[in-house]
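First up is the structure itself, then whatever we jot down about it.
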Amino acid sequence: MKKRIFFALILLNISLVPGFAQLFSKVISSPNNKVQVSLILSEKGEASYKVRFQGKDVIGQSRLGLQLRGHDLSSRLKWVGDETTSDKNTWKPVWGEVDEIVDQYNALTLKLVTSDGLHFDIVFRIYNDGVGFRYEVPQKDKMHEIVVLDELTEFKMITDLSTWWAPSDWDSNEHSYTHSRMSEIDATWHLSDIEPFNQHIVDVHAVQTPVTMQTESGTYMSIAEAALVDYGAMHLEVDRVALRLKTFIIPTADSTIKSVNQLPFHTPWRAVLLSPDAGGLLTNHLILNLNEACKIKGDLSWIKPQKYVGIWWEMHIGKSGWNYRDKDGKPTGIHGANTANVKRYIDFAAKNGFSGVLVEGWYEGWEQWFNTNKDEVFNFTKPYPDYNMPEISRYAKEKGVKIIVHHETSAAVPSYTRQMDSAYAYMKKYGFNAIKTGYVGHIIPKGEWHDGQFMINHYNQVLRRTAQNQIMVVAHEPTRPSGLQRTWPNLMACEAARGQEYNAWSKGNDPSHELTLIFTRFLGGPMDYTPGIFQVELDQYRALDPLFDQSKANRVRTTVAKQLALYVTLYSPIQMAADLPENYEKRPDVFQFIRDVPTDWSETRILNAAVGDYVTTARRQKNTSNWFIGSMTDETPRHFKVKLDFLEADKTYEATIYEDGKAAHYLNNPYPVNIRKVRLQKGASLKINLAAGGGSAISIIPIN
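Under the working numbering, residues 261 to 964 are what the sequence shown spells out, in order.
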């Protein structure tokens, strides 16, 4: 039910800050009154806002506005009205971490007009766990298009907050995260970090979103965006003295322009997630709620959460390669995507209950990968000679497994756009309905960026076109997710962060990396992190691959038990068992957890959490009474006791616990996994022991 109440202008003669005289101010609260937003229009016609949470200021008075070509939406503004509404409803995700999500907020629309007569609105929605706001410009007679030159939105911090951040990179999200005070944000060292294949850092004192912070009173806050459509991605410029974050929109190829939009127009939502504790960020649905409802009509049964294996890790560690030919045009002899090898993976998937097999490097063109001057690199309907598509299709169907088709575009976007119809028809011809897209390289056309409006529109075009063809998408090298999986649930997961593969050939990911990702990057949507590596020491593969840098550690910086825990703590509806089949076959007892753990959930609870340090997550399998728990830590060993008060009272459960074995340590003894079973009932306490860089994975199943 939606209620509408119209308010008159409230005149005030006080100033909230020196030199900022108010013309009027209006306060609107969340349904539970714990979040309050003040909207202010100064005597100079400048709009601003501030946010309070649980009685304390969390965002000080902060500027609002846009700069359009020919129109200033930041000063000399006039109030022409405002409107408040409230809404409460529930909706059911097609897949997700819970069965049902409550969408409840109070809203205020501030109606303004510029000095030259352009009408626009600033819309705020205030939820119990955060705030969303955006700018809206309606259709105007004889005006059909606007050009955004700058967005002036700011977030003024009250004190020098503890901040978890990654650098503002126009072309890559694959950087590690840093924990520092806001005043200490400096990404200078990232300029010499050559591990991301392509990067473009302009301002070392700017960060990408989501960026997560903790106040001195203990409140956790993350600034993010939701529903990123037809606009450049939001980054934040950091004023380290004033402790102010200013929105920076990644520009188009014309570096003076941020976006060109048809009217009516609105920006993506700017989101402020709020929680009294770290765990509350992980169950916050603000970003999803700010997105539109599902746009895919009709039957959605083709969208299936699943687990998969694939010809992928063996390429990163050098056992095989993507290229079919060497520099002389002769077969390399180590091409991974050959028919016999694919059949081996299909057999392994079928035997162990996996739905899909990812195959990379199967089509013509890999020898030209990274040729940044070449527009036509790949042909997505022309397999290499050793990849028998009809036979693979037949064999996969016989075994009840589907191929996940890889489409690495080499960032040659016009080429991929031209090939979409034929590529998707080719997939459907052979019975495949999932793709992993990729955009490694500098964007063609030259001058566009991975985070700019051109690419945002392309990513969304892919979602629309694949939905029309009933194809699921796992997107790699996209921008960070902004909750669009609600609108397009065929978007199963994104990469958009530093993933597992960096452990194969770089300095790797430290033990706090995944524990920071879930409180930052994961807030916008699931990630294809590719967990499940059992052979975490990679020295044995060095001789196979000249890419291995002997000065690097070349290892996964977790215990094997932590790799199991990732299946629960890092949420994704599509999870890969990323290691080689032979490494799983050596440890069938440990591999059993990966076989058992589902990827779709009815309920999620965070049992404990600290950003970058540790987390324990419990999830209930979709439409069952089965629970799974994942717990993981950074370099510090930890011991927890968690109470299982979420179990059903009338049931007895058997818990199978996969935990770090005796003397386990992520660097010098990563392999021991102790497996034990205990019987439990509601209210029981369970001890969880975590080694340095370790984890624990637990299945809790009712006893019949």
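Just so you know, even glycine gets a beta-carbon here, dropped at the ideal spot from N, CA and C. Computed from a predicted model, the values in this text were never measured in an experiment.
Extent of the continuous alpha helix (DSSP H) to which residue i belongs
i: Val602; result: Thr599 to Asn612
i: Glu574; result: Trp573 to His576
i: Met649; result: Met649 to Lys659
i: Gly829; result: Sequence check: residue 829 is Thr here, not Gly. Segment Val820 to Thr829, the alpha helix (DSSP H) holding Thr829.
i: Tyr844; result: Pro841 to Glu845
i: Tyr762; result: Tyr762 to Trp765
i: Ala538; result: Ala538 to Leu542
i: Thr776; result: His773 to Leu777
i: Ile547; result: Leu546 to Asn549
Residue interval of the beta strand (DSSP E) (run including residue i)
i: Arg678; result: Segment Val673 to Lys689 is the alpha helix (DSSP H) holding Arg678; no beta strand (DSSP E) there.
i: His718; result: Careful: His718 lies outside any beta strand (DSSP E), inside the alpha helix (DSSP H) at Gln713 to Gln728.
i: Leu378; result: Neither: Leu378 is in no beta strand (DSSP E) and is coded neither H nor E.
i: Asn949; result: Ser945 to Leu950
i: Leu299; result: Val295 to Ser302
i: Ile917; result: Tyr913 to Asp920
i: Met752; result: Leu751 to Cys754
i: Gly707; result: Element bounds for Gly707: n/a, residue is neither H nor E.
i: Ile793; result: Per DSSP, Ile793 belongs to no beta strand (DSSP E) and is neither H nor E.
i: Glu668; result: Lys662 to Glu668
i: Ile319; result: Lys316 to Arg323
i: Lys557; result: No beta strand (DSSP E) contains Lys557, which DSSP labels as neither H nor E.
Residue i - DSSP class collapsed to helix/strand/coil
i: Ile854; result: helix
i: Glu411; result: strand
i: Pro591; result: strand
i: Met417; result: coil
i: Ser885; result: coil
i: Tyr801; result: helix
i: Tyr365; result: strand
i: Gly570; result: strand
i: Pro932; result: coil
i: Trp562; result: coil
i: Phe500; result: The question names Phe, yet the displayed sequence has Arg at residue 500. Note: Arg500 maps to coil in three-state DSSP.
i: Asp514; result: coil
i: Phe384; result: strand
i: Gln522; result: strand
i: Pro643; result: strand
i: Ser477; result: coil
i: His404; result: coil
i: His460; result: coil
i: Trp351; result: strand
i: Thr448; result: helix
i: Ser443; result: helix
Residue i versus residue j: straight-line alpha-carbon distance, rounded
i: Ser375; j: His331; result: 8 angstroms
i: Gly578; j: Ser335; result: 58 angstroms
i: Leu328; j: Glu411; result: 9 angstroms
i: Gln364; j: Leu370; result: 20 angstroms
i: Gln713; j: Asp490; result: 6 angstroms
i: Met649; j: Pro427; result: 42 angstroms
i: Thr893; j: Trp622; result: 38 angstroms
i: Glu414; j: Ser535; result: 20 angstroms
i: Ala952; j: Pro643; result: 45 angstroms
i: Gly581; j: Lys587; result: 13 angstroms
i: Val850; j: Ile454; result: 36 angstroms
i: Asn964; j: Leu940; result: 13 angstroms
i: Ile884; j: Val354; result: The sequence shown places Thr at residue 884, not Ile. Going by the C-alpha atoms only, they are around 17 angstroms apart.
i: His899; j: Thr877; result: 15 angstroms
Which listed residue (the options) has its alpha carbon closest to that of residue i
i: Gly890; options: Ala727, Asn720, Ile948 and Tyr844; result: Ile948
i: Met417; options: Ile406, Leu503 and His379; result: Leu503
i: Gln760; options: Phe794, Pro650 and Leu751; result: Phe794
i: Ala944; options: Tyr387, Leu904, Gln468 and Thr818; result: Leu904
i: Val408; options: Lys316, Val462 and Pro511; result: Pro511
i: Phe614; options: Arg855, Ser956, Arg879 and Phe508; result: Arg855
i: Met473; options: Thr516, Asn458, Arg898 and Leu541; result: Leu541
i: Lys304; options: Asn458, Asp431, Gly785 and Phe284; result: Phe284
i: Val828; options: Ala600, Trp887 and Val383; result: Trp887
i: Ala924; options: Glu574, Ala821 and Ile935; result: Ala821
8 angstroms contact criterion, which residue i and residue j should meet: CB distance rounded
i: Asp788; j: Ala753; result: 4 angstroms
i: Trp424; j: Gly872; result: 6 angstroms
i: Val391; j: Val295; result: 6 angstroms
i: Leu372; j: Lys400; result: Rounded, the Cβ-Cβ distance is 14 angstroms, inconsistent with contact.
i: Ala694; j: Val665; result: 7 angstroms
i: Lys310; j: Ser302; result: About 13 angstroms separates the two Cβ atoms, so there is no contact after all.
i: Ala484; j: Thr469; result: 5 angstroms
Contact test: residue i Cβ vs the ligand ATP heavy atom, cutoff 7 angstroms
i: Lys706; result: This structure lacks the ligand ATP, and indeed carries no ligand of any kind.
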